[in-house]
Amino acid sequence: MSTDPSVGVPESAARAHDLELARRAASGERSAQRALFLEQRPNVHRALFRILGSNREIEDLLQDAFIEIFRALPSFRGDSKLSRWCQTIAIRNAYLAISRRRPPAVDLALVEDGLASGADVRRHVQVREATRRLYAALDQIEPKQRIAFALAVIDGKSLAEVAELTETSMFAIKTRVWRARRELMRRASKDAVLSAYLQELEGGES
Amino acid sequence: MTDDERLGPPPIEPLSDAAWSRIERGVWSQLDAAGDSRSEPKVQASRRWWLVAVPLAAAATIAVIAFGTRTTTTTQVAEEPSRVVSGSAPSSVSFSESHIELDADTALVMNHEAGHPVALLERGAAWFTVAPRLSRPEFIVRAGDATVRVVGTRFRVARSDERISVAVEHGVVDVQFRGRMAAVGVNQRWSSESPGQIATITSTAPQAGIPAPSEPATNALDITELETPSPASQAHRPGTRPTAKPGSKLDTRTEPKPDPAHTGDQAPVDRDRAEYDRLAALEPHDPDAALAGYLALVRGTSRWADPALFAAARLAVDRHDRRAETLLEIYLQRFPSGANATDAKQLLTRLKADSP
């Protein structure tokens with residue numbers, strides 16, 4: 032489900048809205064800054080959640096991302112949607128953070144071991160466990176590859192979209208996703224849960 | 002693997018409201034800190050300590066104003082707790098059916114306490130235009146130790162560290178300051194430096210805070226002059242300040258200059274406001290002259306160019322003046338996010354819908 036507030040709005044109107052909101056927020060108008068924050072926080076959160084795999088260390092990243100967004104607002108020209116532009120900054124920020132200090136894998140304690148009753152609960156536990164193993168493996172690979180894989184394979188974005196978000200070429204993204212996949216499969220060779228989950232996610236790649 | 006067995010991508014787990022609040026507070030706090038460091042680069046550490054150690058001073062005001070003839074509408078209505086910080090340019094905000102004009106480098110927190118709208122002036126200065134409250138709760142302004150309960154008026158509160166001043170343009174304001182109460186009336190000024198004294202503002206002392214009446218505008222502006230404002234007319238450009246010298250007779254084409262060394266008790270002269278009010282009063286009796294006057298106001302860079310241009314357009318609409326549509330379009334072109342932009346758009350839409 033899209034969290035982009037401009038979905039369903041004519042492109043020109045959405046662009047005008049983006050430009051106006053960005054202009055007011057850049058001028059220091061707090062109500063506009065707050066409106067922008069509320070409007071964009073689902074998109075920014077989604078991008079960062081996909082990269083990190085959990086909310087555990089996301090608060091600092093979100094705060095830094097929005098501060099960067101507000102600082103960069105005067106340079107927003109409306110060439111892309113404001114939501115896309117904000118995500119790009121958030122992803123760039125996440126890359127720098129991951130490069131500096133790799134976040135730990137999803138905490139095993141988050142998986143509710145004792146809830147294996149009922150299909151939904153069992154499924155929930157399976158997803159959590161598979162997610163934990165996936166992001167534990169992603170923690171071990173190169174940050175650019177991790178981001179490309181998270182956005183393209185886990186979040187299901189097109190390669191072109193990921194290329195735009197990460198400000199690089201489609202060829203580079205394709206290469207990064209391929210390398211990430213190869214490394215993850217290598218690690219999954221000894222992990223049946225991760226292997227099955229990767230195969231499932233790959234099947235859903237756009 | 003069947004569809005039923007598919008796990009799907011990891012679900013996005015929502016963040017709690019408390020987490021978002023923490024993030025938001027962190028963002029604003031850092032942005033404010035960055036803004037403060039830009040506007041107040043020379044604050045010394047010792048002064049900061051003093052600011053923390055000494056209870057912040059206060060002052061405030063109340064007043065009543067029947068701005069029945071005023072037609073400006075406001076853009077932003079803050080119905081929930083919010084903080085407004087103006088940067089290098091003045092800005093305005095609507096709050097609880099009142100209009101607040103913030104000077105540059107002013108911080109104001111708007112909130113509700115027990116049903117009362119409360120504006121807390123953290124620093125700087127602002128004009129408050131409070132609509133008559135009638136059955137509505139009193140409007141309260143706080144500045145440090147001072148609390149002002151407003152029934153409805155137009156007044157200015159300025160604060161510079163411990164110094165606070167209140168100047169009243171319309172109505173009466175009760176200023177409560179450190180256990181003492183003072184009533185400040187029309188053309189009177191109160192200062193925390195002499196809390197027991199009420200000074201009268203004379204027309205020869207415009208720096209006291211009340212705008213002096215200006216000469217009536219007699220020159221109607223050619224409509225084409227409005228379409229392309231000169232660079233000098235771009236008021237509130239970030240990083241720029243108006244050029245009028247403090248204490249000098251203000252050129253009506255310039256914005257009142259926010260004084261970096263603002264002492265808190267010298268409200269800027271605003272002849273354009275007085276002129277705007279005069280024209281608003283003139284409207285019912287001589288709408289043609291009022292319209293011409295509004296257009297003359299638009300010629301400069303005054304903050305009143307926005308409401309004046311809208312008032313001219315609205316008056317033109319009311320009078321079925323053929324310039325109405327053009328004026329509205331010029332307004333939206335010149336003030337796309339102006340205080341009256343929403344109304345201007347609605348008027349323009351209505352006008353176009355009604356036109357054959």
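Chains as they are written, first to last, in our numbering: chain E, 32 to 237; chain V, 2 to 357.
Even glycine gets a Cβ: it sits at the ideal position worked out from N, Cα and C.
Please read these numbers as outputs of a predicted model, since none were measured by experiment.
| Item | Value |
| --- | --- |
| Using a beta-carbon distance cut-off of less than 8 Å, what residues from the stretch 114-129 of chain V approach chain E? | none |
| Does any residue of chain E bring its CB to less than 8 Å from the CB of tryptophan 21 (chain V)? | yes |
| Using the Cα positions of proline 86 (chain V) and aspartate 104 (chain V), report the straight-line distance between them to the nearest angstrom. | Checking the displayed sequence, the identity of residue 86 (chain V) turns out to be valine instead of proline. Valine 86 (chain V) and aspartate 104 (chain V): Cα-Cα distance of roughly 10 Å. |
| Would you list the residues sitting across from isoleucine 204 (chain E) in a DSSP beta bridge? | None; isoleucine 204 (chain E) has no bridge partner. |
| In the DSSP assignment, find the unbroken alpha helix (DSSP H) run with asparagine 74 (chain E) in it and report its ends. | 61-83 |
| On the DSSP letters alone, give me the boundaries of the alpha helix (DSSP H) that glutamate 163 (chain V) sits inside. | That residue, glutamate 163 (chain V), is in no alpha helix (DSSP H); it is neither H nor E in DSSP. |
| Using the beta-carbon count (16 or more within 10 Å), is glutamate 276 (chain V) buried or exposed? | buried |
| Between which residues of its own chain and alanine 290 (chain V) is the CB-CB distance below 7 Å, once the five residues before and five after are set aside? | Leu283 |
| Does the CB of arginine 218 (chain E) have a neighbour CB from chain V at under 8 Å? | no |
| DSSP three-state label for phenylalanine 101 (chain E), please. | helix |
| Just to confirm, is the Cβ distance from proline 288 (chain V) to leucine 316 (chain V) under 8 Å? | yes |
| Can you pull the DSSP bridge partners for methionine 182 (chain V)? | V:Gln177 |
| Can you have a look at phenylalanine 202 (chain E) and say buried or exposed, based on whether 16 or more other CB atoms are within 10 angstroms of its CB? | exposed |
| Is it right to say arginine 207 (chain E) is buried, meaning 16 or more other beta carbons lie within 10 angstroms of its own, or is it exposed? | buried |
| Helix, strand or coil for arginine 7 (chain V), going by three-state DSSP, please let me know. | coil |
| Taking only three categories from DSSP, how would you classify leucine 122 (chain V)? | strand |
| In three-state DSSP terms, what is threonine 327 (chain V)? | helix |
| Compile a chain-ordered list of the residues in the stretch 337-356 of chain V whose CB is closer than 9 Å to at least one CB of chain E. | Pro337 and Ser338 |
| Give the secondary structure of asparagine 124 (chain E) by DSSP, where H, G and I count as helix, E and B as strand, and everything else as coil. | helix |
| Give, in chain order, every residue of the stretch 182-203 of chain E whose Cβ lies closer than 9 Å to some Cβ of chain V. | Val184, Ile185, Asp186 and Gly187 |
| At least one CB of chain E closer than 8 Å to the CB of proline 391 (chain V): is that the case? | Outside the shown range of chain V, which is 2 to 357, sits residue 391 (chain V), and nothing can be said about it. |
| Would DSSP call tryptophan 128 (chain V) helix, strand or coil? | strand |
| Quick one: is arginine 160 (chain V) buried, meaning 16 or more other Cβ sit within 10 Å of its Cβ, or exposed? | buried |
| If we ignore side chains and look at the alpha-carbon of each, how far apart do glycine 145 (chain V) and asparagine 188 (chain V) end up? | 23 Å |
| Should glutamate 214 (chain E) and isoleucine 172 (chain E) be called a contact, given that it needs their Cβ atoms to be closer than 8 Å? | yes |
| Would you identify the three-state DSSP class for glutamine 94 (chain E), choosing helix, strand or coil? | helix |
| Relative to the alpha-carbon of threonine 130 (chain V), which residue among V:Ser338, V:Glu163, V:Val169 and V:Ala306 has its alpha-carbon at the smallest distance? | V:Val169 |
| Cβ closer than 9 Å: which chain E residues qualify as neighbours of glycine 172 (chain V)? | Within chain E, no residue comes near glycine 172 (chain V); the closest Cβ sits about 27 Å away, beyond 9 Å. |
| Report the neighbours of glutamine 31 (chain V) on chain E: residues whose CB is nearer than 8 Å to its CB, in chain order. | Gln94 and Ile98 |
| Step through the CB atoms of chain V and report whether any lies within less than 8 Å of the CB of arginine 46 (chain E). | no |
| Within 10 angstroms of its Cβ, does proline 105 (chain E) collect 16 or more other Cβ (buried), or is it exposed? | exposed |
| Going by other Cβ atoms of all chains shown within 10 Å of its Cβ, with 16 needed for buried, is glutamine 198 (chain V) buried or exposed? | exposed |
| Residue range of the alpha helix (DSSP H) that leucine 109 (chain V) falls in? | Looking at the DSSP string, leucine 109 (chain V) is not in any alpha helix (DSSP H); the run it does join, the beta strand (DSSP E), is 108-114. |
| Assign serine 41 (chain E) to one of three DSSP states: helix, strand, or coil. | With the sequence shown as reference, residue 41 (chain E) is identified as proline, and serine is not the correct amino acid for it. In this structure, proline 41 (chain E) counts as coil in the three-state DSSP scheme. |
| Would you kindly work out how many angstroms separate the C-alpha atoms of isoleucine 122 (chain E) and alanine 183 (chain E), rounded to a whole number? | 13 Å |
| Please classify serine 367 (chain V): does DSSP put it in a helix, a strand, or coil? | The first residue shown for chain V is 2 and the last is 357, placing residue 367 (chain V) beyond what the model contains. |
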